[in-house]
Structures are given as C-alpha cells and as structure tokens.
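Written below as structure tokens is the structure these notes are about.
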Amino acid sequence: MKNKKEFRNWLDALALNHPLVIAGPCSAETEEQLLEIAHQLKDSKVSILRAGIWKPRSRPGNFEGVGELGLKWLQTAKKETGLLTTIEVANATHVELALKYDVDILWIGARTTVSPFIVQEIAEAVRGTDKTILVKNPVNPDLALWLGAVERFYEVGINKLGVIHRGFSTYEKTRYRNNPEWQIPIDLHNHFPDLPLILDPSHIAGRRDIIFDLCQTALDLNYDGLMIETHNNPDKAWSDADQQITPLALKEILSDLKVRKTEG
Ligand code: PEP
Ligand code: MN
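As structure tokens, then:
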C-alpha cells in the first residue's frame with residue numbers, strides 16, 4: 001500500500017483520523033436504535049456512521065430494511081452527533097434518495113459489484129456529483145469484477161473512490177463466513193495504488209471473536225480504514241446478529257489495535 005497521498009488529502013478534507021473508522025448497525029431498525037448507537041459512537045475514533053437502509057437478503061422472507069424513513073433518522077443522527085453518514089445503494093432510486101437526504105458516502109454492496117449493468121446504472125446516477133463512493137468486493141473471488149466496478153466509477157468522473165474488502169463466499173466450511181483471500185485486495189491495490197482500502201471484518205468473520213485479529217492483520221498490511229458493524233443490542237439485531245459488537249467492545253478493539261506509522 002504505497003501511495004497514500006490522494007487518500008490523505010481526502011481524509012484531510014473530511015478532517016478525519018487515521019485509520020478511517022466507519023461503524024454502525026448492519027440495519028437501521030428504529031429511530032431509537034439508530035440514535036442510541038450514534039450517540040454511543042460519538043466522541044470516539046469513529047468518523048462515519050453506517051446503516052443499511054435497504055437490505056440485500058440472500059433469501060426472501062427476512063427483514064429487508066426500513067427504506068426512506070431510515071434516511072431521515074440518519075439525518076437526525078448526523079445533526080445530533082456530527083458523524084458523517086454512509087449507506088449501501090443498490091440501484092438508481094437508492095442513489096436519488098441518498099442524494100435527496102444528503103448522505104455523505106455511498107457504498108456498493110458485494111451482491112451489486114457482481115453485476116456490471118447495475119454498477120453502470122449506479123455510476124450514471126452519481127455522475128456529476130462529488131460523492132465519495134466505496135466499492136465492496138464482489139461476493140465471489142473475481143478480481144476483474146471488482147476492478148471493473150471501480151473503473152465504471154472512474155469513467156463517470158467520480159474520483160473520491162475507495163474499496164471495501166468484505167471477504168469472498170465459498171461453499172467450503174471455514175472459520176470465516178467469507179474467506180478473506182488477502183491476495184485479491186493486494187492485487188487490486190497493485191492496479192490502483194491510490195485507492196484507499198478499507199477492511200470490513202464483520203462480514204468476513206460472521207462472528208465476534210476474530211474481529212480484532214482481522215483488523216490487526218489489515219492494519220499490518222497498511223489498510224486505510226475499517227468498517228465494523230456495531231449495535232446497541234447485538235444479540236437482538238434484526239440482521240447479522242452473530243457478528244455485530246457493542247460500541248463499547250468497538251472502542252476496546254480500537255484502543256488495542258497497533259497502528260503502523262504510514263509513510264508520506
Ligand atoms: C452490509 O454491509 O450489511 C452488507 C449487506 O454487506 P455485504 O454487501 O458485504 O454483504
Ligand atoms: Mn450486515
């Protein structure tokens with residue numbers, strides 16, 4: 001991870017710390033839940049509040065997100081805590097609503113990165129905006145799909161771009177929910193050395209007890225940021241209950257991590 005200049009400028013412009021820390025629930029569930037989490041994350045190393053508004057569930061019949069209502073809650077959370085906000089967008093309508101409610105950063109989910117048509121549709125919808133876009137790796141271990149999604153955003157003039165490594169699905173049973181395959185983000189970074197690289201240990205782990213180790217490995221590899229699912233009552237979360245941690249546990253992890261000095 002050599003050239004950090006662009007990312008540093010981006011961080012400086014947002015007046016954020018290194019590493020960038022994004023935290024918040026897998027899903028926005030209620031206004032009370034989201035505000036409680038946001039307030040518990042305030043005055044910590046967390047700069048950006050995440051929350052899923054539309055949830056891409058693999059199988060139907062599960063909670064699929066609160067929709068537009070959640071964007072109002074995020075606005076309130078931002079007003080009350082000063083945290084920037086980020087959500088997943090999975091189609092042009094999501095982008096339109098995210099722009100309407102002035103969400104700061106949009107991320108592309110793993111199930112979206114696999115689809116060039118939908119990535120292109122989202123790229124067209126953000127053309128001409130100065131939004132920051134974070135592109136998660138595709139669910140499957142396919143570097144070209146990840147690179148292609150990044151290129152589609154560069155091509156429409158988005159230059160505040162970053163990538164999120166959330167692991168890759170496999171049919172084998174492993175200790176991970178999604179295999180990290182550390183070589184793939186390294187290969188991606190070799191193509192685009194200026195792209196900030198963020199680790200999402202929550203979706204790699206699928207459990208709480210290895211989140212710290214994954215974060216430390218990422219920082220040792222000089223990743224630029226972390227996105228960690230954080231919930232006020234993880235066991236009762238409406239999605240991804242097994243992997244979410246409390247704001248208190250997050251603060252402990254953040255204070256125990258050893259951050260390498262970055263060059264430049
Ligand atoms: C999420 O961040 O909650 C999510 C659905 O992630 P992914 O796209 O990595 O599965
Ligand atoms: Mn999740």
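Mapping to the numbering used here: the sequence shown position 83 is 83, numbers consecutive. Yeah, the Cβ is synthetic: ideal placement off N, Cα and C, and Gly gets one too.
Could you check what DSSP says for PHE117 in three-state terms: helix, strand or coil? Your numbering for residue 117 matches position 117 in the sequence shown. Residue state, collapsed to three classes: helix.
In the DSSP assignment, find the unbroken beta strand (DSSP E) run with HIS165 in it and report its ends. Counting from one through the sequence shown, the residue named residue 165 turns up at place 165. 161-165 is the extent of the beta strand (DSSP E) around HIS165.
Just tell me which of VAL150, SER115 and ILE118 has its CA closest to the CA of THR132. Within the sequence shown, the letter at position 132 stands for residue 132. Here the closest residue by C-alpha is VAL150.
Fully enclosed by the segment 225-258, which alpha helix (DSSP H) runs are 4 residues long or longer? The qualifying runs are 247-256.
One question on the structure: do LEU219 and VAL156 come within less than 8 Å of each other, judged by their Cβ atoms? For the purposes of this step, residue 219 is identified with residue 219 of the sequence shown, where counting begins at 1. For the purposes of this step, residue 156 is identified with residue 156 of the sequence shown, where counting begins at 1. Going by C-beta atoms, LEU219 is not nearer than 8 Å to VAL156.
Quick check on DSSP: helix, strand or coil for LYS136? Position 136 of the sequence shown, counting from 1, holds the residue named residue 136. It is a strand residue.
Helix, strand or coil at ALA218 [DSSP, three-state]: As a first step, residue 218 must be located in the sequence shown, where it is residue number 218. DSSP places ALA218 in helix when its eight states are reduced to three.
Any heavy atom of ligand 1 closer than 7 Å to the CB of PRO234? The residue you call residue 234 lines up with position 234 of the sequence shown. Outside the cutoff, so no.
Between GLN33 and LYS42, what straight-line distance do the alpha-carbon atoms span, to the nearest angstrom? Counted from its first residue, the sequence shown places residue 33 at position 33. Counted from its first residue, the sequence shown places residue 42 at position 42. Going from the Cα of GLN33 to the Cα of LYS42 covers about 14 Å.
Measuring from the CB of CYS26, is there a heavy atom of ligand 1 at a distance below 7 Å? Locating residue 26 in the sequence shown gives position 26, where the first residue counts as 1. It does: the Cβ of CYS26 is within 7 Å (strictly closer) of some heavy atom of ligand 1.
Going by beta carbon distance, what residues of the same chain come within less than 6 Å of ASN159, once the five residues before and after it are set aside? To locate residue 159, count along the sequence shown from 1; it is residue 159. The answer is none, since no qualifying residue turns up.
C-alpha gap between ASP242 and GLY65, whole angstroms: The residue you call residue 242 lines up with position 242 of the sequence shown. The residue you call residue 65 lines up with position 65 of the sequence shown. Each residue's alpha carbon lies about 18 Å from the other.
When the Cα atoms are used, what is the spatial distance from ILE118 to PRO138? Along the sequence shown, one-based indexing puts residue 118 at 118. Along the sequence shown, one-based indexing puts residue 138 at 138. The straight-line gap from Cα to Cα measures roughly 13 Å.
8 Å Cβ cutoff met for PRO116 and GLY70: Walking along the sequence shown from the start, residue 116 turns up at place 116. Walking along the sequence shown from the start, residue 70 turns up at place 70. No. Outside cutoff.
Contact check, PRO74 vs VAL114, beta carbons under 8 Å: Stepping through the sequence shown from its first residue, residue 74 is reached at position 74. Stepping through the sequence shown from its first residue, residue 114 is reached at position 114. Rather than Pro, the amino acid found at residue 74 in this sequence is Leu. Here LEU74 is not near VAL114, since their CB atoms are 8 Å or more apart.
Among ASN140, ASP235 and GLN216, which one has its Cα closest to the Cα of GLY109? As a working note, residue 109 is residue 109 in the sequence shown. With distances taken between Cα atoms, GLY109 lies closest to ASN140.
Taking 7 Å as the line, does the beta carbon of SER239 fall inside it for any heavy atom of ligand 2? Residue numbering aside, residue 239 sits at position 239 when the sequence shown is read from its first letter. At a cut-off of 7 Å, the beta-carbon of SER239 counts as near ligand 2: some heavy atom of the ligand is closer than that.
Using the C-alpha atoms, what's the distance from ILE198 back to GLY225? On the sequence shown, residue 225 is found 225 positions in, with the first residue counted as 1. On the sequence shown, residue 198 is found 198 positions in, with the first residue counted as 1. Cα to Cα, the separation comes out at about 4 Å.
Cutting at 6 Å between CB atoms, please list the residues of its own chain near ASP187, excluding the five before and the five after it. On the sequence shown, position 187 is the one that residue 187 refers to. Excluding positions up to five away in sequence, the list reads LEU143.
Would a check of beta-carbon distances place ALA149 closer than 8 Å to chain C? In the displayed structure, chain C is absent; only one protein chain is listed.
Compute the beta-carbon to beta-carbon distance between ASP36 and TRP238, rounded to the nearest angstrom, for a pair I have assumed lies under 8 Å. What you label residue 36 is simply residue 36 of the sequence shown in a count that begins at 1. What you label residue 238 is simply residue 238 of the sequence shown in a count that begins at 1. The residue asked about is misnamed: residue 36 is Glu in this sequence, not Asp. Between TRP238 and GLU36 the Cβ distance is about 15 Å, and since that is not below 8 Å, they are no contact.
Please state if the CB of PRO180 and the CB of GLN40 are separated by a distance shorter than 8 Å. Here residue 40 refers to the residue found at position 40 when the sequence shown is read from its first residue. Here residue 180 refers to the residue found at position 180 when the sequence shown is read from its first residue. No.
Just verifying my parser: in three-state terms, what is the DSSP assignment at GLU32? To locate residue 32, count along the sequence shown from 1; it is residue 32. Reduced to three states, the DSSP call for GLU32 is helix.
Helix, strand or coil, according to DSSP, for VAL21 in the structure here? Locating residue 21 in the sequence shown gives position 21, where the first residue counts as 1. In the structure shown, VAL21 sits in a strand (DSSP, three-state: E or B).
Determine the closest residue to ALA98 out of ASN9, ALA51, GLY61 and PHE63, with distance taken between C-alpha atoms. For the purposes of this step, residue 98 is taken as the residue at position 98 of the sequence shown. That would be ALA51, whose Cα lies nearest to the Cα of ALA98.
Run the CB neighbour count on VAL183, radius 10 Å, all protein chains shown included, and call it buried at 16 or more, exposed below. For the purposes of this step, residue 183 is taken as residue 183 along the sequence shown, with counting starting at 1. It should be pointed out that residue 183 corresponds to Gln in this sequence rather than to Val. Classification for GLN183: exposed.
State the Cα-Cα distance for the pair PRO185 and HIS165, rounded to the nearest angstrom. Residue 185 sits at position 185 when you count from the first residue of the sequence shown. Residue 165 sits at position 165 when you count from the first residue of the sequence shown. If you take the alpha carbons of PRO185 and HIS165, they lie about 7 Å apart.
Count the other C-beta atoms from every protein chain shown that fall within 10 angstroms of the C-beta of ASN91, then say buried if there are 16 or more, exposed otherwise. In the sequence shown, counting from the first residue as 1, residue 91 sits at position 91. Answer is exposed; the Cβ neighbour count stays below 16.
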